[in-house]
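Written below as structure tokens is the structure these notes are about.
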Ligand code: PMP
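Next up, the structure:
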């Protein structure tokens, strides 16, 4: 047994399933999860000393690569001044100013500690503001694990084939209406059958929890128009896409203005952080100024703020997102070329630093239904083949992949060489 296997056996005694977040357990792909010892730049190092080129990046936030000098130094400096005060600090004001400057749709922002808290709080605020309980989410989108959002959800929920969780009372789930991503008609139908009752639409502007599915032309604009027409708020969940797709978020990239935006891991630079913000008149309904309650002992934590500010500062370097996008395109088009060469059917999607590959004959993947039809055996074989070759991909066909600025041309070429070998084996099997 190697050390990962030993640790996983030990972990299962005292941690449910041996992991603290389900998708880490490799249930979707089989085998033993790799236990990580350290990370640097584009690489993860496991407890057995093996190196992997990493395309998970802690599920998105490590845009500059792991263990980036300026983020690490900012964290160390902040830690010298104390870990938590539960009182206002200058760094959280700087963070709020910067978020509002970079995202013009955000006039005010409240910090929280995770993406789950961000979406849960934004939704409560939208319901409190509109006085309406019902809201629309899309099948296959994941917005964290708050009760009413665990309905037809993506990410680990899809990996485990249980898109709606037991433990969510039917009374809580009944206000959650689900529509089909990239299908405006399915949204219109819900507004028509629930007149005056829908307070919000929440969505991922690029779906990253059912693999990677960008919005089709007109989809985001159509949702904006429907919200305006029916007096609902548009909540864009940028927990994954914010500052990954572009410096102005995916909504800036596509030119759509939400009423509320959810942010997460990226603005923490790897520390536990989330945020939600948007229109000042909506945010005015939040405690302590307004009646909608929301709070957090560790919210705006000074060490987390320092990490996030350091990352956001570097992300403002001119040309950075063009470079990140070019690297990502080079990788994903290279993987597709290798699949074509070996006759393994594959489709790809990519936006900014996010990418997805689909083992399917279909091209132009825009819907959850198409993702559900993909060849899971090919995915599992590819995932494990790549892992053996020292390439870490998300252990589920329902997750997007992420590149960082630390991935060099050589890293990308090494990944493509590995993909060529693994896809040849899949074709021969
Ligand atoms: N929203 C989206 C779009 C996400 O991708 C995630 C997590 N991957 C969340 C919300 C929940 O964030 P967290 O895991 O930090 O609670």
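Numbering (this note's numbering), first residue to last: 85 to 513. All C-beta atoms in this analysis are idealised placements derived from N, C-alpha and C, irrespective of residue type, glycine included. A quick note: this is a predicted structure, and the numbers were derived from the prediction, not measured.
Hey, out of 475, 234, 436, 153, whose CA is closest to residue 124's CA?
-> Taking the chain shown and counting its residues from 1, one reaches residue 124 at position 40. Among 475, 234, 436, 153, the Cα nearest to that of residue 124 is on 153.
Could you spell out where the alpha helix (DSSP H) holding residue 317 opens and where it closes?
-> The residue given as residue 317 occupies position 233 in the chain shown. Residue 317 -> not in any alpha helix (DSSP H); beta strand (DSSP E) instead, spanning 317-321.
Near residue 440, which residues of its chain fall below 6 Å by C-beta distance, leaving aside the five closest residues on each side in sequence?
-> Sequence index remark: in the chain shown, residue 440 carries index 356 (1-based). These residues qualify, in order along the chain: 295, 296, 433, 484.
Could you pull the start and end residues of the alpha helix (DSSP H) that residue 225 belongs to?
-> As a working mapping, residue 225 is identified with position 141 in the chain shown. No alpha helix (DSSP H) holds residue 225; DSSP gives it neither H nor E.
In its own chain, which residues sit with a C-beta less than 8 Å from the C-beta of residue 209, not counting the 5 before and 5 after it?
-> Taking the chain shown and counting its residues from 1, the one referred to as residue 209 is at position 125. Excluding positions up to five away in sequence, the list reads 344, 360, 366, 367, 369, 370, 376, 378.
Which runs of the alpha helix (DSSP H) spanning at least 4 residues fall entirely within the stretch 208-288, listed in chain order?
-> 240-243, 254-257, 268-277
Return the CA-CA distance between residue 471 and residue 451, expressed in angstroms with no decimal places.
-> Working through the chain shown from its first residue, we reach residue 471 at position 387. Working through the chain shown from its first residue, we reach residue 451 at position 367. Rounded to whole angstroms, residue 471 to residue 451 spans 28 Å at the Cα level.
Residue 140: buried (16+ other C-beta within 10 angstroms of its C-beta) or exposed?
-> For the purposes of this step, residue 140 is taken as residue 56 along the chain shown, with counting starting at 1. The residue in question, residue 140, is buried, as its Cβ has 16 or more Cβ neighbours within 10 Å.
Cβ pair residue 509, residue 137 closer than 9 Å | The residue you call residue 509 lines up with position 425 of the chain shown. The residue you call residue 137 lines up with position 53 of the chain shown. In this structure, residue 137 does not lie closer than 9 Å to residue 509 by Cβ.
Give a single yes or no on whether residue 293 has its beta carbon closer than 8 Å to a heavy atom of the ligand PMP.
-> By one-based count along the chain shown, residue 293 stands at place 209. Yes, Cβ of residue 293 sits closer than 8 Å to a heavy atom of the ligand PMP.
Beta-carbon separation of residue 287 and residue 260 under 9 Å?
-> Along the chain shown, one-based indexing puts residue 287 at 203. Along the chain shown, one-based indexing puts residue 260 at 176. Their beta carbons are not under 9 Å apart, which means residue 287 does not touch residue 260 by this criterion.
By a C-beta neighbour count over all protein chains shown, 10 Å radius and 16 as the cutoff for buried, is residue 175 buried or exposed?
-> For the purposes of this step, residue 175 is taken as residue 91 along the chain shown, with counting starting at 1. Result: buried.
For residue 262 versus residue 228, is the C-beta distance shorter than 9 Å?
-> For this step, residue 262 is matched to residue 178 along the chain shown. For this step, residue 228 is matched to residue 144 along the chain shown. Against a cut-off of 9 Å, the Cβ pair of residue 228 and residue 262 comes out as no contact.
Is the distance from the Cβ of residue 251 to the Cβ of residue 238 below 9 Å?
-> Sequence index remark: in the chain shown, residue 251 carries index 167 (1-based). Sequence index remark: in the chain shown, residue 238 carries index 154 (1-based). Contact flag unset, no.
With DSSP as the reference, label residue 88 as helix, strand or coil.
-> Numbered from its first residue, the chain shown carries residue 88 at position 4. In the structure shown, residue 88 sits in a helix (DSSP, three-state: H, G or I).
Any heavy atom of the ligand PMP within a distance shorter than 8 Å of the CB on residue 226?
-> Translated into the one-based positions of the chain shown, residue 226 becomes position 142. Residue 226 Cβ: within cutoff of the ligand PMP.
Would you kindly work out how many angstroms separate the C-alpha atoms of residue 133 and residue 258, rounded to a whole number?
-> As a first step, residue 133 must be located in the chain shown, where it is residue number 49. As a first step, residue 258 must be located in the chain shown, where it is residue number 174. Taking the straight line joining both Cα atoms gives about 49 Å.
Consider the C-beta atom of residue 321 and the heavy atoms of the ligand PMP; say whether any pair is separated by less than 8 Å.
-> Sequence index remark: in the chain shown, residue 321 carries index 237 (1-based). The answer is yes for residue 321.
Residue of 479, 333, 437 minimising C-alpha distance to residue 185 = Taking the chain shown and counting its residues from 1, one reaches residue 185 at position 101. Minimum Cα distance to residue 185 is reached at 333.
From what residue to what residue does the beta strand (DSSP E) around residue 187 run?
-> Numbered from its first residue, the chain shown carries residue 187 at position 103. No beta strand (DSSP E) holds residue 187; DSSP gives it neither H nor E.
In whole angstroms, what separates the C-alpha of residue 389 from that of residue 121?
-> Taking the chain shown and counting its residues from 1, the one referred to as residue 389 is at position 305. Taking the chain shown and counting its residues from 1, the one referred to as residue 121 is at position 37. Straight-line Cα distance between these residues: approximately 25 Å.
Rounded to a whole number of angstroms, what is the C-alpha to C-alpha distance between residue 218 and residue 281?
-> In the chain shown, counting from the first residue as 1, residue 218 sits at position 134. In the chain shown, counting from the first residue as 1, residue 281 sits at position 197. Taking the straight line from one Cα to the other gives about 6 Å.
Cβ-based neighbour list, residue 201, same chain, cut-off 6 Å, excluding 5 preceding and 5 following | As a position in the chain shown, residue 201 is number 117, starting the count at 1. Only 358 meet the Cβ criterion.
Determine which residues share a DSSP beta bridge with residue 330 and list them.
-> In the chain shown, counting from the first residue as 1, residue 330 sits at position 246. According to DSSP, which records beta bridges pairwise, residue 330 is partnered with 326.
Residues bridged to residue 192 (per DSSP) | Against the chain shown, residue 192 aligns to sequence position 108. Paired residue(s): 362.
Could you tell me if residue 183 is buried or exposed, where buried requires 16 or more neighbouring beta carbons within 10 angstroms of its beta carbon?
-> Within the chain shown, residue 183 is the residue found at index 99, counting from 1. Its Cβ being crowded by 16 or more others within 10 Å, residue 183 is buried.
Cβ neighbours of residue 430 in the same chain (closer than 8 Å, five flanking residues each side left out) | For the purposes of this step, residue 430 is taken as the residue at position 346 of the chain shown. Hits under 8 Å: 419, 420, 423, 424, 441, 442, 443, 444.
Pick helix, strand or coil for residue 296, following the three-state DSSP scheme.
-> Reading the chain shown from its first residue, position 212 is the one you call residue 296. DSSP places residue 296 in coil when its eight states are reduced to three.
For residue 105, verify whether its CB is less than 8 Å away from any heavy atom of the ligand PMP.
-> Locating residue 105 in the chain shown gives position 21, where the first residue counts as 1. Within the cutoff, so yes.
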